[in-house]
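Let me begin by presenting the structure, written as structure tokens, before commenting on it.
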Amino acid sequence: MPVHFMYDYLNGGVKYLSPPVLNLNSYMKFKCYYTDFSDEGQVRRSDNAIELSPLKAGFPWPSGILSCRQTKHHDIVMKTTRMLLKEYVNDKTAQEICRAERSIADIARGELATDLEHSWVRFVIHGFSEGDRQRTKLLANINVHTIVLDDFWEMNNIEAFNTILEHYVDRMRPDLKERKPPMSALQADIDQTVDEILELDRISGNTAGKELLDDVVNFFSRPAPPMTYRNMEEYMQYRHEDIAILYIIKCCKFSSNSSVDTNGPNMARYLRLFKDHVLLVNDLASWEKEKRAYDKGKVQYITNAVNVVYELFHLQTYRAAVGMTQALVLELETEIDAEIDRMIAENILTKEEWRFVDTTLNTLSGNVFCSMVMERYGGAKSRLP
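Mapped onto the numbering used here, the consecutive letters of the sequence shown carry residue numbers 38 to 422.
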């Protein structure tokens, strides 16, 4: 899939920082998370994706994780995304629910008017690349719902959003006893998607799909953001919900058809580090866009780690806050590397759990890649000549 945008969200980097040298790059290269690199120790990585090397491609790569992957099924991602956005545009309820004279149908119409290949669809293409064609299609479908409905949720009209819950989100509940007959093509599509996801669970003998749907529903029940944060930990805990990182983890699990316990103790510290990394990279990439919107009065507040660091440390410039936030990202990468080495040394993970670790490492680097190649953050000025 071609790249037409390149956004260096660190604006040439931070002079006093450089990405760490990580052991995990060797593990990822050889697909083996054991010290002897034996054939028995290799994880089963799917053939649904291709390897990418951003550094070799000349990216101003800000991470110590050197490779990422891209699904081979990006055509079905694009087809599914466009089809579902059109269903939102034509849906009567989506046309009627408005906030500030902007309806859900308007949100979907606006997305269709963008260059979708270089937008948020990249999250599925690079973030959840291990899925086969059917799982990738289903993830693309769910991704549209989370993007479009979350855009409206952020407008903070609770009464209107209750209607959204009733018409759309509640139909995604995997344990729904009696589902009302669909009143539109969009509702019928939601029903079919849920049925397909749960059928894959039945065939596979795991609960990856059910867990995915549970987290989608829970995502739209999260509280509004607080006005201030007493410390970085408080901010991180809220934002884990606010940018759907639990949902991202379940997307990884569903895409790779995994049966691992993502709430168990074996990977608990690793997954906490994973969450923090996804969050901080997202905040760094979106910082300039969010700050511009705030300065122009388009939003009332900034929910971003760069701003939290700036205020907590009473820094003189936002540029200094960007540097400190990037330092936290690189510190997290060294912690992730150390945690993987610890899990190897103590031999505490099963082969299936190592396969999941491999999947999520590619999600981390895929998130960095997406942040750089999407028009979403860098805008028109980041378009390649």
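No residue lacks a Cβ here, since even glycine has one placed at the ideal position from N, Cα and C.
Here the structure is a predicted model, which means the values were calculated and not measured.
From this set, the options, which residue's C-alpha is nearest residue i's C-alpha?
{"i": "H204", "options": "W190, P219 and E215", "result": "P219"}
{"i": "R309", "options": "L401, I381 and V336", "result": "L401"}
{"i": "D207", "options": "V185, G242 and L250", "result": "L250"}
{"i": "C288", "options": "V345, H155 and G164", "result": "G164"}
{"i": "A222", "options": "S156, A131, I339 and F42", "result": "A131"}
{"i": "Q171", "options": "I113, I141 and D187", "result": "I113"}
{"i": "A305", "options": "D238, G334, I373 and E215", "result": "I373"}
{"i": "Y427", "options": "R82, L283, T200 and Y275", "result": "No information on residue 427 is available, as it lies outside the stretch 38 to 422 that the chain covers here."}
{"i": "V359", "options": "F256, G95 and L317", "result": "L317"}
{"i": "M209", "options": "D188, T183 and Y272", "result": "T183"}
{"i": "D395", "options": "P211, H41, Q79 and V51", "result": "Q79"}
{"i": "N178", "options": "I134, E215, T230 and L202", "result": "T230"}
{"i": "L421", "options": "L59, F96 and L367", "result": "F96"}
{"i": "Y355", "options": "V336, R329 and K333", "result": "R329"}
Please list, in chain order, all residues of the same chain as residue i whose beta carbon is under 6 Å from its beta carbon, the five residues on each side excluded.
{"i": "D169", "result": "N85"}
{"i": "Y307", "result": "E376"}
{"i": "F256", "result": "A281 and Y284"}
{"i": "V405", "result": "S100 and V318"}
Check whether the Cβ atoms of residue i and residue j lie closer than 7 Å to each other.
{"i": "C105", "j": "L89", "result": "yes"}
{"i": "L149", "j": "I377", "result": "no"}
{"i": "L176", "j": "V161", "result": "yes"}
{"i": "R139", "j": "V126", "result": "no"}
{"i": "A342", "j": "T362", "result": "yes"}
{"i": "T108", "j": "T173", "result": "yes"}
{"i": "P57", "j": "G101", "result": "yes"}
{"i": "V315", "j": "I282", "result": "yes"}
{"i": "D188", "j": "I227", "result": "no"}
{"i": "G242", "j": "I234", "result": "no"}
{"i": "H111", "j": "F42", "result": "no"}
{"i": "N303", "j": "L386", "result": "yes"}
Can you tell me whether residue i is buried or exposed, with buried defined as 16 or more other CB within 10 angstroms of its CB?
{"i": "K129", "result": "exposed"}
{"i": "Y53", "result": "exposed"}
{"i": "E412", "result": "buried"}
{"i": "K418", "result": "exposed"}
{"i": "F350", "result": "exposed"}
{"i": "G403", "result": "buried"}
{"i": "M380", "result": "buried"}
{"i": "N344", "result": "buried"}
{"i": "E167", "result": "buried"}
{"i": "L186", "result": "buried"}
{"i": "Q224", "result": "buried"}
{"i": "F291", "result": "buried"}
{"i": "I286", "result": "buried"}
{"i": "S295", "result": "buried"}
{"i": "S258", "result": "exposed"}
{"i": "L398", "result": "buried"}
{"i": "A142", "result": "buried"}
{"i": "S293", "result": "buried"}
Just checking my contact of residue i with residue j at CB under 8 Å: how many whole Å lie between their CB atoms?
{"i": "V297", "j": "E389", "result": "6 Å"}
{"i": "L153", "j": "M120", "result": "Wrong, their Cβ atoms sit about 12 Å apart, outside the cutoff."}
{"i": "L237", "j": "D313", "result": "Their Cβ separation, rounded to whole angstroms, is 30 Å, which puts L237 and D313 out of contact at 8 Å."}
{"i": "D279", "j": "P262", "result": "6 Å"}
For residue i, I'd like the list of residues in its chain whose CB is within less than 8 Å of its CB, leaving aside the five on either flank, ordered along the chain.
{"i": "Y46", "result": "P99, L321, A322, W324, E325, S408, M409, Y414 and G415"}
{"i": "G49", "result": "P97"}
Is residue i near the ligand ATP - that is, is its Cβ less than 6 Å away from at least one heavy atom of it?
{"i": "S166", "result": "The ligand ATP is not among the ligands present in this structure, which contains no ligands whatsoever."}
Only counting the same chain, and skipping five residues up and downstream in sequence, which positions put a Cβ closer than 7 Å to that of residue i?
{"i": "E248", "result": "K287 and K290"}
{"i": "V181", "result": "T118, L121 and L122"}
{"i": "Y331", "result": "I339"}
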